[in-house]
Amino acid sequence: MLKRISALASAVSFNGNDLSISESPDFALTQYAGAEKELKKALGKIPARVGVILEHDGRIQLRTNPAQIWLIGEPIEAEACISTPLSSSRTRIALQGKNTRVVLAKLCAIDFHPKQFKADMFVQTAIHHTPALIHCFGADDFHIYAMRTFALSVWEAVTDAALEFSA
Amino acid sequence: MTAFKRIDKQSHIDRTKLISFQFDGKMTNGFAGDTLASALLANGKTLLGRSFKYHRPRGIIGAGIEEPNALFTTGIGGRTEPNTISTTAELKSGITAKSQNAWPSLNFDLMAVNQLLSPLFGAGFYYKTFMGPFKKSWMMYEPIIRKAAGLGAALPDLDTARYDMRYMFCDVLVIGSGPAGLAAAVTAARTGARVVLAEQDFEFGGSILSSGSEELERWRKTQIAELEKSSEVRLLKRTTAQGIYDDNLVVLNHTPESHSALMITEQLRARTIIMATGAIERPLVFANNDRPGVMLASALRTYLNRFSVAPKKRAVIVTNNDSAYATAFDLAEHDVAVTVAEHRSALSGDLLAKAAQLGIAIFPSCGISDVVGEKQMRAVRLSGRHAVTIECDVLGMSGGWSPAVHLTSHGGIKPKFDEKIAAFIPGGFAKSHFGAGAVKGTFGLLAAIREGEVAARAALPECKKIKELDLPAIREDRKYSIQPIWNAAEKANEKYAFVDFQNDVTVKDIRGAHQEGYLSVEHLKRYTTLGMGTDQGKTSNINALAMMADLRGLAMSQAGTTTFRPPYSPITVGAIAGRTVAAHFRPKRLSPLHDWHVNNGATFIEAGLWMRAWYYNWAGNTPEAAYIKEMELVRQNVGIADVSTLGKIDVQGPDAAEFLNRVYVNGFAKLPVGRARYGVMLNDDGVVLDDGTTSRINDTQFYMTTTTAQAGEVMSWLEYLLQMHWTDLDVHVTSLTDQWGGMAVSGPNSRRALQLAFPEIDITNEALPYLGVMDFKFEGVGVRVLRLSFSGELAYEVHCSADYTTALWEHILNAAAPLGIKPYGLEALASLRIEKGHVAGADLDHRNTLDDLGLGKMAGKDKAYIGKELRFREDCQAPERWSLVGIECMEDGAKLRGGAILFAATDEIKGHGRGYITSVTWSTELNKYIALALYNGGMKHEGKEIICAFPLKNENVKARIVSPHFIDKQGERLHA
Amino acid sequence: MRVPCPHCGERDVAEFRYGGDASKMRPTHDTGDLKQWHDYKFVFDNPKGPHLEYWQHVYGCRQWFKLNRNTATNEIIGGEK
Amino acid sequence: MAKGYSIFSLVKHALRPSEPWPEAWEKPEPKSSYDVIIIGGGGHGLATAYYLAKNHGIKNIAVLEKSYIGSGNVGRNTTLIRSNYMIGGNTAFFEKSMQLWEGLSHELNFNCMVSHRGQMILAVSPGQVDAFARRGNIMRLNGIDAELMDRNEVMKELPYLDYSKEARFPVHGAIHQPRAGTVRHDAVAWGYARAASQLGVHIIENCEVSAILKDGDKVVGVETSRGKILSSKVGIAVAGHTSHVAKMAGLRLPVESHILQAFVTEPVKPIVHHVVSWGAELFYLSQSDKGGIVFGGHIDGFNTYTQRGQFHRIQNVMESATTLLPFMSRMRLLRHWGGIQDMTPDGSPFICKTPIDGLYLNGGWCYQGFKATPASGTTFAYMIANDQEHELNKCFSLDRFEKGKELDEYGIGNWAYKQ
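Chains as they are written, first to last, in our numbering: chain A, 2 to 168; chain B, 33 to 1008; chain C, 190 to 270; chain D, 242 to 660.
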């Protein structure tokens, strides 16, 4: 197997006060596209609408567009709809700790209040003028899926925003 | 001579914390809780600045954000900022403050000579002179005028401060923490809603802080304590609400107490907004009302009650309304001898009684005729029946109060005039906006508290059952009474009667503007510069508008106000820019091979947001030297270049072929599987949008490539067509630009190189002919080889997923090392394509038609495609249009340059020429400079001699029009 | 300004790409003459008031949609999927 | 007292304060008919009236302004003038404007503070240097001043830019037009108004046009808030409200109205001595004579008639300012505002006849309305007087999109909202 090299190979994890930021590599991402019916046929149960997450069989489905679902986990052979592997297209940054929401609020115009943005929710928005998907997977645990080619700039923007929590 | 002293009185300063600071080079002391202004007053400093135009001596006028005069260049630890408002600047240890706009010193300012010329310098005088003697004479006067203008100096050194930015949300934003704001915030907080309380001061409390009342102080503390206990409340001191933008975006400018950032700009989306922004006291306008020592009456009270700074012995108060008596009484109670000049003829009994009790003399029906003293006032002369001169340390003036309606009108609601209080009040409130207290013209304290509570209940109607607020145990509010006095200057003294203190606009100037017909409030402002200072007319606008209304015989309601614009108070540009500056200004887009390039001697160049490898140091240390070696490598052997930046789009679905067939001018419906085709797409207007190569992976799947620059545009365009117009087509598009990396392996030895890299794969000419596409797995990774050539040589593009691109690149470099393969950069890539005559970014400039680029024949005659109809507009088909040609240099030692303008050999070298050079290179094959150009009539002129004019360098170079395909016209190399 | 994406909900305008006037019918592919295409591409009502227009949630779900917005106030009147 | 403005008359007035200056422009009641009506008392409308009276001897003119004169874009722009255009038609037109600017204060006897301090447009890539060179070469070949500067020369002229290694978009060079510069914007409106008024033009403020009256395909007058006013020649010069007014005559135009924001800081002592523009993102900046740094960027990018900008655009412009000129970080933003700009699909204007006889159009100015004012006024006046295009405005026709004769000066493509 050829050596996999991340867009954040040169980035050093951030461990600050109640905040850690690190790359969370090695995930499989496949996009499934098609009409509602086709998506259901291919994937079984699917998230009802854009912005909704469904977890089953150890896979996470995110409805990213009316006609698109992102599947994170082992790809499913899907004849009934279109599939596009996208694992390399995104770089995943994990943020954990009590101060994550403070930092995220500095990066995009999304309400990160714990009562508003809870675990198992996601949004697609802009960080540093680039598209980003932010997924909350625990009380204060978040993943940012950044565009691979912009990942280093997004990383720098995130860690720069976190400066006040430097240890 | 000192006019003020610090007195022994309980207040909001903390005498246990001494703070040293520097003013104009001298060390001075104050206390924690002081502002810079209060500390300076306590030290007896009253001459603090010079005015903008006449350089008149000026002192502090106010005690808040409205201050027009006392601005300094301040700093801590070497970092300084010009034009800091001293009346709001919290005193901090080590702060340095310098007076501005005075030379050589505050005390002796030579520019004060301007005062003598003031009869000349009336409003708008500069529009009437400095025109001669020559046409461009202004260029002679301008530098002198410029030098005289300006307040502080900009500082060219790098700003070391950090500015932060955050995006927040809340249910209720309360702006202002005076009695109304506190009441609103506490009421809202009791509902459990998300509340933000924003206060520009470094203490909550607003007017309560200046009241000197123990009961109010107790009430204030109780409210703050309750707010501090509420988990959903954010309390923001030192926070100015600068503006309200569409859909309740409020921009807050917050100076944190301890943070890595000097300032935080908060973009707050508030569901509802309660404005409790209070009111600003107006000066009265009379002769020499700008002398140091003449202050707003309320400011005297603030300095007394909040900062324990009192006039030394004697104060005169001049007023047209009741509010100034609070100041008079408080001063008298602290042993200051007070005299009141009262414009009104009658006064209510309770005020008279209290004044008598405190020994205050009141002169009714009179104002101030003049102020004596220049750098510090010494006495006032009363006007009217009691024309006496009274010696005093300070003069407190009150012309009434102007509600701070600014934020209420940012959304476009114009304020309206309220005759009862002689002031503008909000013309209404937008949906989800509420007001409480003085901003609505409600000047009573208990009334303000009640309004605050009502506003909060209205903002949060879903929570009705909350406990009512406790009111402070104070007397019921007095009724406010005022008799408007807009101009109290005697006619002869109007030129010394200041309306706008900072910009030196006098009553005479307003009269002048009126005489000359600058009548509308905007003309008045623009002609006289009234209200255009750093204070944006917070103290001056209303007086001026009223004077103009008077002169025009209009009611105030007819005259209107100038438009209130954000920011509410000046905010540094850096604070709004936040973190997204300098190296972080815009994201850098990096190829998956970026680190490899960094580690292997590449020099980079910006291409849009991308950082691209420009050239490699193996070939040379300048782009000029390196690209030629890199070109030679490709022409003679084999090179490898990073093409990951190409836009790549996955086009899938049963109708994918039909879709592409519509989008491209040339046919894609019948493209066989495993084959690639060059395609061009047009906009609706028939102008070229983009070009690229698209290959068919299987029946229903295509792999599209676009130019680097247009990738985003093309993607959005395809989505637009599919989602909004051609919804009957079953096609999905997904960007693969980030998913796939790519490299071009080019040169006569490229096949050998790939054979060395992939010995198991058959890539003979038969198995993979020109424009063939092949997918295979290599070491578990999917690889796509496309036989395409940008350089004109036998060449391949090798694509694979971005995670493995570097490994694959290194593998090919290692495997083909025996051949001498090396990387080549963007400069060589661009040069090679010029030799081949491939158009690219520099030639495609959104103005070209298909025919301009010599590609007209590509378009299907019988086939429909986007842009077909408008492509055939008259001028788009004109024979004299500029179209693509090749050019070769005919002069030894001369250089062709991009941007040169082309002329026929016999033309006069002037005008717009017949075309221009779009891209240039040295041709290693032809040993001369060659170029691509657009030329009037295009290839019709093949063989003709032309002149490439570059007057910017005084060059005219002879050249010849040739085919843009400089090398391998038959394409033998491509098909080899 | 907040723009209501029909799929993601209300978001800041900076997340969107504007696509211009949506009140005009695009001539069907392969039909229409120069005049029709000219009017479609180049002539606008440009009203001061309700304006039907295209937007794409380009940083979000990437979906295009039509929006009815009052150009005199920037108030959103309604959307259309 | 003398009507003329000069240092002598200033001194006279200073010595004799009892004799006031006359009104800068008279404020007559509207008559029932005029030879020519100009709708719009902005820079272009007032200039047109002035040149009609001055060059063509037509004195019976009314300029109808719905608010106060100069209330639109002439008083909201960033005051820049330049003539660095490279597309045939544009080049000569804007150079004509520059030549008129050069003598304008004298011509009008009103100091418009025409400051030829030079404009530097900074290139951020070798490709941009080439593109700027093309522009500069065309300028030189048309007798217009232009210089190409390399990075070192720029460093000498503009020492305050960020030349550090970290600079996101390093400066590669610049094109410099020494005669470009700034003009005191309000003074242009007032100067033209005063000069026109002295020639007998009626400037009628607070007079809003509500209908354009036609007799068949011929214009016969207008209905206004101050009554019906007749004229067989009506010129429209209303910038951002062009579509709105044209609609009164039943016209639909290739125009969209967009907001362009502008910014000014507190005044400081002189530091920026040129107009500075940037090739990385649209950004331009100069320092006013009063000391404020005046600057701006791109339009917000969607149709709007509100004069309120979006904050993200404000933030973008501040980011550009701080990034290109680090000293801007500590400058305090004093005020920001918006103007409604009439954008066309190719970024170029219209000065042309309309399908209605006697109705003339001047609009679609995009970013260049202010700098065009004198040439726009001259050519529009010529066209109204002669009922035919002046050589200089032939290219600014309404039918150029039908003909495929776009004037896309900046290579943006046919999109009004992207221009």
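Note that CB positions come from ideal geometry on N, CA and C, so glycine has one too.
Interface residues of chain D around residue i at Cβ under 8 Å?
| i | result |
| --- | --- |
| leucine 187 of chain B | Phe568, Arg571 |
Residue i to residue j, Cα distance in whole Å?
| i | j | result |
| --- | --- | --- |
| serine 212 of chain C | arginine 493 of chain D | 14 Å |
| threonine 160 of chain A | glycine 98 of chain A | 14 Å |
| histidine 375 of chain B | alanine 428 of chain D | 40 Å |
| leucine 251 of chain D | leucine 148 of chain B | 15 Å |
| valine 535 of chain D | threonine 506 of chain D | 7 Å |
| methionine 713 of chain B | tryptophan 749 of chain B | 11 Å |
| alanine 261 of chain C | valine 192 of chain C | 16 Å |
| alanine 965 of chain B | alanine 609 of chain B | 41 Å |
| glutamine 547 of chain B | leucine 477 of chain B | 43 Å |
| serine 340 of chain B | glutamate 298 of chain B | 34 Å |
| methionine 242 of chain D | leucine 648 of chain D | For methionine 242 of chain D, the predicted model reports a pLDDT of 39, less than 50, meaning its position is unreliable; a value from the coordinates is still stated below. About 49 Å. |
| methionine 417 of chain D | serine 527 of chain D | Correcting the residue identity first, residue 417 of chain D is histidine in this sequence and not methionine. About 14 Å. |
| alanine 387 of chain B | valine 420 of chain B | 20 Å |
Tell me residue i's beta-bridge partners as DSSP assigns them.
| i | result |
| --- | --- |
| leucine 284 of chain B | B:Ala273, B:Glu298 |
| proline 435 of chain B | B:Ala311 |
| arginine 90 of chain B | B:Gly81 |
| tryptophan 772 of chain B | B:Ser833 |
| threonine 749 of chain B | For the record, residue 749 of chain B in the displayed sequence is tryptophan; it is not threonine. DSSP lists no partner for tryptophan 749 of chain B. |
Counting only Cβ pairs nearer than 9 Å, list the residues of chain C close to residue i.
| i | result |
| --- | --- |
| lysine 694 of chain B | Note that residue 694 of chain B is arginine in the sequence shown, not lysine. Near arginine 694 of chain B (Cβ distances below 9 Å), the residues of chain C are His218, Asp219. |
Consider the Cβ of residue i: report whether some Cβ of chain A lies at a distance smaller than 9 Å.
| i | result |
| --- | --- |
| histidine 240 of chain C | no |
| aspartate 201 of chain C | yes |
Just checking: is the beta-carbon of residue i within a distance shorter than 9 Å of some beta-carbon in chain C?
| i | result |
| --- | --- |
| glutamine 69 of chain A | yes |
| glycine 711 of chain B | no |
| arginine 50 of chain A | yes |
What does residue i touch in chain B if you count any residue whose Cβ is under 9 Å from its own?
| i | result |
| --- | --- |
| glycine 208 of chain C | Ser748, Tyr752, Met756 |
| alanine 294 of chain D | Chain B residues near alanine 294 of chain D: none, gap ~19 Å exceeds 9 Å. |
Taking 9 Å as the CB-CB cut-off, is residue i touching chain D?
| i | result |
| --- | --- |
| valine 247 of chain C | no |
Below 7 Å on C-beta distance, what does residue i contact in chain D?
| i | result |
| --- | --- |
| asparagine 263 of chain C | Thr545, Thr547 |
Can you determine whether any heavy atom of the ligand SAH sits closer than 8 Å to the C-beta of residue i, and answer yes or no?
| i | result |
| --- | --- |
| aspartate 219 of chain C | By its list of ligands, the structure shown contains no ligand whatsoever, and the ligand SAH lies outside what it can speak to. |
Going along chain C, which residues have a C-beta under 8 Å from residue i?
| i | result |
| --- | --- |
| alanine 896 of chain B | His218, Asp219 |
When the cut-off is 9 Å and only beta carbons count, does residue i lie next to chain B?
| i | result |
| --- | --- |
| lysine 255 of chain C | yes |
| histidine 227 of chain C | yes |
| lysine 459 of chain D | no |
| lysine 213 of chain C | no |
Please state the DSSP three-state secondary structure of residue i.
| i | result |
| --- | --- |
| glycine 213 of chain B | helix |
| glutamine 147 of chain B | helix |
| proline 99 of chain A | It is lysine, not proline, that sits at residue 99 of chain A in the sequence shown. Here lysine 99 of chain A sits in coil by DSSP. |
What residues from chain D crowd round residue i, counting only those whose CB sits closer than 9 Å?
| i | result |
| --- | --- |
| aspartate 234 of chain C | Ser484, Lys488, Arg493 |
I want to verify the contact list: residues of chain C whose CB lies under 7 Å from the CB of residue i, in sequence order.
| i | result |
| --- | --- |
| glutamine 62 of chain A | Residues of chain C passing the Cβ test: none, with the nearest at roughly 15 Å. |
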